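If you read the protein sequences in the order shown, they are chains V and B. The working numbering puts the first residue of the first sequence at 1, with every later residue one more than the last. The working numbering puts the first residue of the second sequence at 1, with every later residue one more than the last. This report refers to the structure that appears directly beneath it.
Protein chains: 2
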Amino acid sequence: MNRSIRVLRVGQRYVRDDRTLTHLCLVSRALGAETIFLGDAEKDVVGTLDEVNRTWGGDFRAILGTPWRKVIKDSKAEGRSVVHLTMYGMPLQDKVAELRELEKLLLVVGGPKVPGKVYHEADYNIAVTSQPHSEIAALAITLHEIQSGEELKSAFGKSRLRILPSPRGKRVVEEK
Amino acid sequence: MNRSIRVLRVGQRYVRDDRTLTHLCLVSRALGAETIFLGDAEKDVVGTLDEVNRTWGGDFRAILGTPWRKVIKDSKAEGRSVVHLTMYGMPLQDKVAELRELEKLLLVVGGPKVPGKVYHEADYNIAVTSQPHSEIAALAITLHEIQSGEELKSAFGKSRLRILPSPRGKRVVEEK
């Protein structure tokens with residue numbers, strides 16, 4: 001299946017949390033999503049992602065400033081299933097077979113500040129355990145499960161640097 | 001198998017990064033580790049974890065201030081395998097069958113500041129993709145894979161609150 005996965009982050013805290021934002025972006029990129037939608041103008045992260053793409057390959061990108069309601073509405077209009085990750089949702093392991101059948105997905109990640117409306121507009125509310133932990137971890141495990149681990153083997157095309165897996169130490173090839 | 005998994009965080013940045021630390025602790029707890037070793041005295045996170053245990057169950061705990069060298073040495077002395085997560089290591093998917101056979105594990109997570117010695121003292125250096133992303137995500141997927149997803153079904157025993165999984169909204173039971 002030629003699956004397309006996008007990620008939407010909602011419910012930013014008032015205190016900017018750049019590290020969590022960067023982790024969410026890099027996890028989305030490394031584990032097979034094509035795009036992340038961010039609610040605010042977070043210019044720094046765009047520069048970080050451009051640099052990561054240049055160095056490590058691929059064309060993952062962040063789209064800034066589209067209101068979350070519009071992202072969800074547009075996604076539905078193009079037949080994309082909206083999967084909201086929340087500790088209050090249905091267990092991932094009970095729904096994963098169904099999620100694997102979906103060709104176009106929008107994964108919505110948030111945190112404590114997610115508006116109630118997101119729960120109702122989502123096609124699925126999915127829990128990676130019903131324990132409090134981390135939207136970064138929930139996103140990672142969901143991406144991993146939906147793609148049955150195939151995402152771990154992805155190539156990222158042309159890049160400046162490439163790692164040669166090693167049992168000890170660091171082996172990096174610089175591409176000419 | 002009665003598996004025991006502990007987590008060690010090394011290579012803290014000079015700028016304290018409390019959010020990442022909290023995510024690492026909560027992911028360790030939610031996904032089946034019993035303990036996290038932290039290199040510095042991070043008292044705030046202990047309070048957070050006590051509160052999470054009281055509210056959501058279990059007895060996960062952080063152990064503060066043991067130097068990482070001693071944690072690794074003591075772990076090896078009791079027959080625990082040391083598994084360091086790094087983008088430079090061998091692909092998780094190639095090693096996971098072997099890791100699932102281990103009864104006692106110490107998962108070492110770090111970041112850019114991990115001393116070279118950790119690579120050499122680890123029994124395994126394991127990569128969750130060779131792309132840069134997040135030690136939180138790498139820890140989550142590794143815990144998930146080693147336990148074959150069984151950790152998602154864990155019960156946390158006596159707790160003050162308990163979530164009833166729901167397709168929409170939030171359902172929480174308060175235990176008397």
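From the three backbone atoms N, C-alpha and C, an ideal C-beta is built for every residue, glycine too. No experiment lies behind these values; they were computed from the predicted model shown.
Just curious, the alpha helix (DSSP H) that residue i is in, first and last residue?
| i | result |
| --- | --- |
| B/Ala97 | 92-100 |
| V/Glu121 | 116-121 |
| B/Leu26 | 18-30 |
Look at residue i and residue j and say whether their C-beta atoms are less than 8 Å apart.
| i | j | result |
| --- | --- | --- |
| B/Glu121 | B/Ile72 | yes |
| V/Val118 | V/Leu24 | no |
| V/Lys113 | V/Gly11 | yes |
| V/Ile136 | B/Ala137 | yes |
| B/Arg100 | B/Ile141 | no |
| B/Tyr88 | V/Lys170 | yes |
| V/Leu85 | V/Leu139 | yes |
| V/Val172 | V/Tyr124 | no |
| V/Glu34 | V/Ser4 | yes |
Anything in chain D within Cβ reach of residue i, meaning under 8 Å, just list it in chain order.
| i | result |
| --- | --- |
| V/Arg171 | Of the chains in the structure shown, none is chain D; the protein chains are V and B. |
For a test of the three-state rule: what should DSSP assign to residue i, helix, strand or coil?
| i | result |
| --- | --- |
| B/His133 | coil |
| V/Arg54 | helix |
| B/Thr142 | helix |
| V/Ala77 | helix |
| V/Arg69 | helix |
| V/Val82 | strand |
| B/Leu64 | strand |
| V/Leu38 | strand |
| V/Gly47 | helix |
Have a look at the options and flag the residue whose alpha-carbon is nearest the alpha-carbon of residue i.
| i | options | result |
| --- | --- | --- |
| B/Arg61 | B/Glu78, B/Lys43, B/Ala77 | B/Lys43 |
| V/Gly67 | V/Trp56, V/Phe37, V/Met90, V/Pro167 | The sequence shown places Pro at residue 67 of chain V, not Gly. Cα-wise, what sits closest to V/Pro67 is V/Phe37. |
| B/Ser166 | V/Gln147, V/Arg100, V/Lys95, V/Asp74 | V/Lys95 |
| V/Arg29 | V/Lys176, V/Glu174, V/Leu143, V/Gln93 | V/Leu143 |
| V/Asp18 | V/Met1, V/Thr48, V/Ser4, V/Leu31 | V/Thr48 |
| B/Arg160 | B/Val45, B/Thr86, B/Val52, B/Glu34 | B/Val52 |
| V/Ser65 | V/Gly39, V/Lys158, V/Met90 | The displayed chain sequence assigns Gly, not Ser, to residue 65 of chain V. Comparing Cα positions, the closest option is V/Gly39. |
| B/Thr22 | V/Glu151, V/Lys176, V/Lys158, V/Ser134 | V/Ser134 |
| B/Gly116 | V/Arg168, V/Arg80, V/Asn125, V/Ala97 | V/Arg168 |
| V/Ala97 | V/Glu174, V/Glu175, V/Val45, V/Ile126 | V/Ile126 |
| V/Leu105 | V/Asp74, V/Pro91, V/Glu175, V/Met90 | V/Asp74 |
| V/Glu151 | B/Arg69, B/Val128, B/Gly149, B/Gly79 | B/Val128 |
| B/Met1 | B/Lys70, B/Lys158, B/Ser148 | B/Ser148 |
| B/Lys70 | B/Thr20, B/Asp50, B/Arg9, B/Pro91 | B/Arg9 |
| B/Glu175 | B/Gly79, B/Arg54, B/Pro91 | B/Arg54 |
Could you give the C-beta distance for residue i and residue j, rounded to a whole number, given that I count them as a contact under 8 Å?
| i | j | result |
| --- | --- | --- |
| V/Leu107 | V/Val7 | 5 Å |
| B/Phe178 | B/Gly58 | Coverage of chain B is limited to positions 1 through 176, which leaves residue 178 of chain B absent and any answer about it impossible. |
| B/Trp56 | V/Gln131 | 6 Å |
Where do the N-terminal and C-terminal ends of the beta strand (DSSP E) with residue i fall, by residue?
| i | result |
| --- | --- |
| B/Leu107 | 104-109 |
| V/Glu174 | 172-174 |
| V/Ala155 | That residue, V/Ala155, is in no beta strand (DSSP E); it is neither H nor E in DSSP. |
| B/Val10 | Element bounds for B/Val10: n/a, residue is neither H nor E. |
| B/Arg162 | 161-163 |
| V/Asn125 | 124-127 |
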